[in-house]
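Since the structure comes first, as structure tokens, the remarks are kept for the end.
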Amino acid sequence: MDMKKTNLILTLLLISSGVIAQTTVEPAKQIIPEPNIGLSITELLVIALLFFAVVLLVVAVTLFNAFKVMLKEQKDPQPFIKYQKPEQVDYTEWLKLKKSTPNIWTKLLSLKPMEEEKNLEIPHAYDGIKELSNPVPAWFNVLFYGTIIFGAFYLYYYHIGGYGERQDDEYITEMTKADLDKKAFLAKSATKVDEGSIKIDAAQIVNGKGVFDANCIACHGDKGQGLVGPNLTDEFWLHGGSVVDVFKVVKYGVPEKGMVSWQKNLTSLQISEVTNYIMSLKGTNPVGAKAPQGEKYEEKLAIDTANAEIITKN
Ligand code: HEC
Numbered sequence: 013m014d015m016k017k018t019n020l021i022l023t024l025l026l027i028s029s030g031v032i033a034q035t036t037v038e039p040a041k042q043i044i045p046e047p048n049i050g051l052s053i054t055e056l057l058v059i060a061l062l063f064f065a066v067v068l069l070v071v072a073v074t075l076f077n078a079f080k081v082m083l084k085e086q087k088d089p090q091p092f093i094k095y096q097k098p099e100q101v102d103y104t105e106w107l108k109l110k111k112s113t114p115n116i117w118t119k120l121l122s123l124k125p126m127e128e129e130k131n132l133e134i135p136h137a138y139d140g141i142k143e144l145s146n147p148v149p150a151w152f153n154v155l156f157y158g159t160i161i162f163g164a165f166y167l168y169y170y171h172i173g174g175y176g177e178r179q180d181d182e183y184i185t186e187m188t189k190a191d192l193d194k195k196a197f198l199a200k201s202a203t204k205v206d207e208g209s210i211k212i213d214a215a216q217i218v219n220g221k222g223v224f225d226a227n228c229i230a231c232h233g234d235k236g237q238g239l240v241g242p243n244l245t246d247e248f249w250l251h252g253g254s255v256v257d258v259f260k261v262v263k264y265g266v267p268e269k270g271m272v273s274w275q276k277n278l279t280s281l282q283i284s285e286v287t288n289y290i291m292s293l294k295g296t297n298p299v300g301a302k303a304p305q306g307e308k309y310e311e312k313l314a315i316d317t318a319n320a321e322i323i324t325k326n
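Heads up: the sequence shown at position 153 corresponds to 165 in our numbering, and the numbers run straight through without jumps.
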């Protein structure tokens, strides 16, 4: 009976863990269609009926036992025994009389009291050594039958019923999920440009002119010829003329010299666009161009340093 009870508990545990697994897997479904792990209504019904049947069985067994007692009593009625005051016994005698009641620990290990050792003896002896036939401990049985039950459920869940995802399917699912994540990440980071990823892109020049006209004309002139700020159309630069240099100056500014940092007011994409616009102004020679400031910028060298910068960034 004890064994049956533990089996029942194990079964229920397995069923409930299945239910938990079902609820935790649920959210992933929104991302990609996964093989249906949840139980259908009919299956839930079958489980409920099974559970009900087990409960009925337990009730039936209990009733049966009760009826047995009643029947026994009817066949062979025991007279009501009047309460008799027990005799006073000596403590040492009482100790001997007292049967050791096994606690949970001894039950779990299926230990037998020393007095019963004689019954456990196997009737043979080798070199005078006797063997005891100790029962298999309860914990071992629980584990043993538990794994069998678990195995049966596992087999049904993953191989026969096909509810659970097997390793290879799980791998595919995870890879598709990762792929989607990667695409989402790339889509997001594509608009995020920094000095490590800024590139010459002629397609951005049009938007860049918009950004420049809205923010930079006051100091750099409507054609970038230079006013308060330096001329942006010549080959001379105060802070370097590579695309990375220009991007950095626009992003971080030169506050002490009156050039604002734009990273708070412009998005990284806008900074990239205006940078590309400035790069396109080179050699336009607008009227009223401000006198060159800074050093002449050598394209070749700058590309190398720009590349080096990108490499060190990565
Ligand atoms: C308030 C005036 C002001 C505004 C507005 C301004 N700048 Fe400047 N900018 C300056 C000054 C002044 C310098 C020179 C800094 C120095 O001497 O180091 C400068 C320098 C620069 C440089 C570096 C030039 C070099 O020779 O290295 C670039 C590139 C630049 N600005 C781009 C921009 C862009 C793009 C905008 C608009 C988004 C902008 N600036 C708006 C004042 C301004």
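Beta carbons: idealized from backbone N, C-alpha and C, even for Gly.
All of these numbers come straight from a predicted model, not from anything done at the bench.
Check	Outcome
Identity of the residue in Tyr169, Phe259 and Gly265 nearest Lys211 by Cα	Phe259
Beta-carbon gap between Asn219 and Lys302 smaller than 8 Å	no
Cβ neighbours of Gln374 in the same chain (closer than 7 Å, five flanking residues each side left out)	This structure does not reach residue 374, given that the chain is present from 13 up to 326, and the question cannot be answered.
Ala137 in three-state terms, based on DSSP	strand
Limits of the alpha helix (DSSP H) - the one that Ala72 falls within	Ile53 to Lys87
Close-in-space but distant-in-sequence residues of the same chain around Ile116 (CB under 7 Å, 5 per side omitted)	none
Proximity test, Gly270 beta-carbon vs the ligand HEC heavy atom, cut-off 7 Å	yes
Straight-line Cα distance separating Pro125 from Tyr103	21 Å
Ile285 - containing alpha helix (DSSP H), residue span	Looking at the sequence itself, residue 285 is Glu, so the reference to Ile does not match. Here the alpha helix (DSSP H) through Glu285 covers Ser280 to Ser292.
Assigned exposure category for Met13 - 16 Cβ within 10 Å defines buried	At Met13, the pLDDT of 43 sits below 50, so the modelled position is not reliable; the number obtained from the coordinates is stated separately. Burial call: exposed.
At least three beta-carbon pairs within less than 8 Å, the region 280-289 to the region 220-239	yes
Near the ligand HEC: Gln179 beta-carbon under 7 Å from a heavy atom	no
Three-state class that DSSP yields for Glu307 in the structure shown	strand
Where the alpha helix (DSSP H) through Val261 begins and ends	Val255 to Tyr264
For Leu144: DSSP bridge partner residues	Glu133
Backbone CA spacing between Leu293 and Gly265 [nearest angstrom]	20 Å
Selection from Val262, Thr54 and Tyr95 that minimises the alpha carbon distance to Ser273	Val262
Alpha helix (DSSP H) runs contained entirely in the region 217-241, provided each spans 4 or more residues	217-227 and 229-232
Cβ pair Thr188, Glu177 closer than 8 Å	no
Three-state secondary structure assigned by DSSP to Trp274	coil
Cβ neighbour criterion (16 or more within 10 Å) applied to Phe328	Since the first residue shown for the chain is 13 and the last is 326, residue 328 is missing from the structure and cannot be characterised.
heavy atom of the ligand HEC below 7 Å from Leu250 C-beta	yes
8 Å Cβ cutoff met for Pro149 and Leu132	no
Rounded separation between Trp106 and Thr118 - CA only	22 Å
Val205 versus Gln90, Ser284, Ile134 and Pro304, residue with shortest Cα-Cα distance	Ser284
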